[in-house]
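Engineer: This is the structure I have questions about; it appears just below.
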Amino acid sequence: MSDYLPRPEHKFTFGLWTVGNVGRDPFGPPVRPAISPVEIVHLLAEVGAYGVNYHDDDLIPIGTPAAEQDRIIRDFKQALSDTGVKMPMATANLFSHPIFRDGAFTSNNPKVRAYALQKTLRCIDIGVDMGAKVYVMWGGREGTETDASKSPADSVKRLREGINFVTDYIRSQGYDLKVALEAKPNEPRSDIYLPTTGAMLGFIATLDHPEMVGVNPEVAHEHMAGLNFAHAVAQAWDAGKLFHIDLNDQLFGRYDQDFRFGSVMLKQNFFLVKFLEDVGYSGSRHFDAHAYRTEDYDGVRDFARGCMKTYLILKEKAARWNADAEIKALLAEVNANDGEFDYLSNGFTPEKAERLKAVEFDRDGIAAKGLAYERLDQLTVEVLLGVR
Ligand code: GCO
Ligand code: MN
Ligand code: MN
Numbered sequence: 000m001s002d003y004l005p006r007p008e009h010k011f012t013f014g015l016w017t018v019g020n021v022g023r024d025p026f027g028p029p030v031r032p033a034i035s036p037v038e039i040v041h042l043l044a045e046v047g048a049y050g051v052n053y054h055d056d057d058l059i060p061i062g063t064p065a066a067e068q069d070r071i072i073r074d075f076k077q078a079l080s081d082t083g084v085k086m087p088m089a090t091a092n093l094f095s096h097p098i099f100r101d102g103a104f105t106s107n108n109p110k111v112r113a114y115a116l117q118k119t120l121r122c123i124d125i126g127v128d129m130g131a132k133v134y135v136m137w138g139g140r141e142g143t144e145t146d147a148s149k150s151p152a153d154s155v156k157r158l159r160e161g162i163n164f165v166t167d168y169i170r171s172q173g174y175d176l177k178v179a180l181e182a183k184p185n186e187p188r189s190d191i192y193l194p195t196t197g198a199m200l201g202f203i204a205t206l207d208h209p210e211m212v213g214v215n216p217e218v219a220h221e222h223m224a225g226l227n228f229a230h231a232v233a234q235a236w237d238a239g240k241l242f243h244i245d246l247n248d249q250l251f252g253r254y255d256q257d258f259r260f261g262s263v264m265l266k267q268n269f270f271l272v273k274f275l276e277d278v279g280y281s282g283s284r285h286f287d288a289h290a291y292r293t294e295d296y297d298g299v300r301d302f303a304r305g306c307m308k309t310y311l312i313l314k315e316k317a318a319r320w321n322a323d324a325e326i327k328a329l330l331a332e333v334n335a336n337d338g339e340f341d342y343l344s345n346g347f348t349p350e351k352a353e354r355l356k357a358v359e360f361d362r363d364g365i366a367a368k369g370l371a372y373e374r375l376d377q378l379t380v381e382v383l384l385g386v387r
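Numbering (numbering that gives the first Met the number 0), first residue to last: 0 to 387.
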């Protein structure tokens, strides 16, 4: 049995805006005093996180004079070096300031689009200087309330143009930085463009430098759309595009609740962790979540420790599941292969097609056999409940 304590190789990271969340919601003001980015780094070191991710505005408020900006960055870097906390990801806030009320890269106003681009480039410069290897691009308000306002096809073109500019900039600077696009179906706009990880994957293929661009899927965002998150992650992995991941939790169909990882849909998150561990995903496990509004900073620490501990417990459960003799036997049975059709793998030939067309299938015989998935699922539940 493991001690479930986070270690650097687990690559557990939190955004400044996650443990720094002060509990403001549409119905009420903050319930926790704001703590500084330097204090956040120390809090994360205390709970054993590997890294902190940076939103430009969380570190350097918009409009900060240059000299003050330098001081903030110096202090932040000092906190990183004092604690050993890393900063693997950078991201620009293109949604809070009123200038972004109608989107950033998809705004109808070319001045807004230019400002969004400038803000992105500046965020990247500072992020790379502090060690970031991934730039996450979550549009925030890249959507509409009314489609009378703009053509969805123009919006996709504007997004493409913006991202192409960014990837060319990264190349021109010689930065070692990948871009990860984050999808979300709605909130804060009524409908956001490219609303799912699958949509992002299709879009990436249309970019000038698709090799530099991948995805940052988020549990809550796919759950808002009622989708199976692990399936989205698996498709991204298969495409070589899983550059980052945002872990949190919530039920299907709700607004973006950003609950503690594993706090709501344990079985789904078990299969997610099992997938990430089985394939050997080596990127950040970023918790884009925040503590309940009921909590003070002790509760925030409980929240952060809980995210990491639950991940590690699910990782141990995944290893137990993989090693379970009865589960292995059932999997071997459902994957049995007498080799009759092995000739169909490794591609098409006209001969294979002719040979296949001549086969008489025993449809009823093949269909008659049950698959024992009830048993398999029950064993999974028993592993999860700790009785196996
Ligand atoms: C949200 C998003 C954000 C982004 C973050 C990084 O729903 O608010 O998930 O938390 O992940 O802005 O770009
Ligand atoms: Mn979110
Ligand atoms: Mn996110």
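Using N, Cα and C, we set each Cβ at its ideal position, and we do this for glycine too.
Would you call the region 315-324 and the region 287-301 touching, i.e. three or more CB-CB distances under 8 Å?
Structural biologist: They do not touch, by the three-pair rule.
Engineer: Which complete alpha helix (DSSP H) runs does the region 299-349 hold, if anything under 4 residues is left out?
Structural biologist: Complete alpha helix (DSSP H) runs here, min 4: 324-333.
Engineer: Mind checking whether the beta-carbon of L113 lies closer than 6 Å to any heavy atom of ligand 2?
Structural biologist: Looking at the sequence itself, residue 113 is Ala, so the reference to Leu does not match. A113: no, Cβ never under 6 Å from ligand 2.
Engineer: What are the residues that DSSP puts in a beta bridge with E217?
Structural biologist: Looking at the DSSP assignment, E217 forms a beta bridge with D245.
Engineer: Confirm the yes/no value for this check: CB of D287, any heavy atom of ligand 3, distance under 6 Å.
Structural biologist: At least one heavy atom of ligand 3 is nearer than 6 Å to the Cβ of D287, so yes.
Engineer: Give the list of continuous alpha helix (DSSP H) stretches no shorter than 4 residues that lie fully inside the region 29-116.
Structural biologist: Qualifying alpha helix (DSSP H) stretches, in chain order: 36-46, 55-58 and 65-82.
Engineer: Do E217 and ligand 1 come close, with the Cβ less than 6 Å from some heavy atom?
Structural biologist: Under cutoff, so the answer is yes.
Engineer: Grab me the residues of L241's own chain with a C-beta within less than 8 Å of its C-beta, minus the 5 sequence neighbours each way, in chain order.
Structural biologist: Counting only Cβ-Cβ distances below 8 Å, and skipping sequence neighbours, we find G213, V214, P216, V232, A235, Y280 and G282.
Engineer: Rounded to a whole number of angstroms, what is the C-alpha to C-alpha distance between P109 and H54?
Structural biologist: For P109 and H54, the distance between alpha carbons rounds to 24 Å.
Engineer: Select from L79, N20 and E359 the residue whose C-alpha is nearest the C-alpha of V40.
Structural biologist: Ranking L79, N20 and E359 by Cα distance to V40 puts L79 first.
Engineer: Tell me which residues share the same chain as V278 and place their Cβ nearer than 8 Å to its Cβ, disregarding the 5 neighbours each side in the sequence.
Structural biologist: W236.
Engineer: Any idea which residues DSSP pairs R284 with across the strands?
Structural biologist: R284 pairs with F11.
Engineer: Tell me, please, whether the region 98-107 touches the region 64-83 by the rule of three or more beta-carbon pairs shorter than 8 Å.
Structural biologist: These segments do not touch.
Engineer: Could you check whether K149 and N107 sit closer than 7 Å to each other, using their CB atoms as the reference points?
Structural biologist: Cβ atoms of N107 and K149: closer than 7 Å.
Engineer: Excluding the 5 residues flanking A198 on each side, which residues of the same chain have their C-beta closer than 7 Å to its C-beta?
Structural biologist: So the qualifying residues of the chain are A182.
Engineer: Would you grab the beta carbon distance between S154 and T105 for me? Rounded to a whole angstrom, and I think it's under 8 Å.
Structural biologist: The pair is a contact, with the Cβ atoms about 4 Å apart (cut-off 8 Å).
Engineer: Could you please give the first and the last residue of the uninterrupted alpha helix (DSSP H) stretch that includes M199?
Structural biologist: Segment T196 to I203, the alpha helix (DSSP H) holding M199.
Engineer: Which class does K177 belong to by DSSP, given the choice of helix, strand or coil?
Structural biologist: Strand.
Engineer: In the structure shown, what three-state DSSP assignment does K297 receive?
Structural biologist: Checking the sequence shown, residue 297 turns out to be Asp, not Lys. Residue state, collapsed to three classes: helix.
Engineer: Answer yes or no: the CB of V40 versus the heavy atoms of ligand 1, is any distance below 6 Å?
Structural biologist: No, Cβ of V40 sits at least 6 Å from all heavy atoms of ligand 1.
Engineer: For V21, which of helix, strand or coil comes out of DSSP?
Structural biologist: Looking at V21 - three-state DSSP - the assignment turns out to be coil, as it is neither helix nor strand.
Engineer: Terminal residues of the continuous beta strand (DSSP E) containing Y134?
Structural biologist: Start and end: V133 to M136.
Engineer: Just reading off the alpha helix (DSSP H) that H230 is part of, what are its end residues?
Structural biologist: F228 to D237 is the extent of the alpha helix (DSSP H) around H230.
Engineer: Rank E210, D128, G62 and A33 by C-alpha distance to the C-alpha of F75 and give the top, closest one.
Structural biologist: Out of E210, D128, G62 and A33, D128 has the C-alpha closest to the C-alpha of F75.
Engineer: In this structure, what does DSSP give as the bridge partners for A190?
Structural biologist: Here the sequence assigns Asp to residue 190, which means Ala is not the residue at that position. Answer is T143, bridged to D190.
Engineer: Between the C-alpha atoms of M88 and A328, what's the straight-line distance to the nearest angstrom?
Structural biologist: C-alpha separation (whole angstroms): 42 Å.
Engineer: Please list, in chain order, all residues of the same chain as I34 whose beta carbon is under 8 Å from its beta carbon, the five residues on each side excluded.
Structural biologist: Answer for I34: G19, L42 and Y296, listed in chain order.
Engineer: Quick check on DSSP: helix, strand or coil for V212?
Structural biologist: Three-state result, V212: strand.
Engineer: Going by the CB atoms, is the gap between A219 and N247 shorter than 7 Å?
Structural biologist: It is a contact, given that the beta carbons lie within the stated cut-off.
Engineer: Alpha carbon to alpha carbon, how far is D337 from D190? Give it in angstroms, no decimals.
Structural biologist: If you take the alpha carbons of D190 and D337, they lie about 49 Å apart.
Engineer: Quick one: give me the first and last residue of the alpha helix (DSSP H) that P151 is part of.
Structural biologist: Element bounds for P151: P151 to Q172.
Engineer: For ligand 3, is there a heavy atom less than 6 Å away from the beta-carbon of D56?
Structural biologist: No, since every heavy atom of ligand 3 falls outside the 6 Å radius drawn around the Cβ of D56.
Engineer: Indicate, with yes or no, if ligand 3 has a heavy atom lying under 6 Å from the CB of D245.
Structural biologist: True, at least one ligand heavy atom lies under 6 Å from that Cβ.
Engineer: How many angstroms separate the CA atom of A224 from the CA atom of G252?
Structural biologist: Roughly 6 Å between the two C-alpha positions.
Engineer: With 7 Å set as the bound, which would you pick, yes or no: does the beta-carbon of N185 sit closer than that to a beta-carbon of chain B?
Structural biologist: Of the protein chains in this structure there is only one, and it is not chain B.
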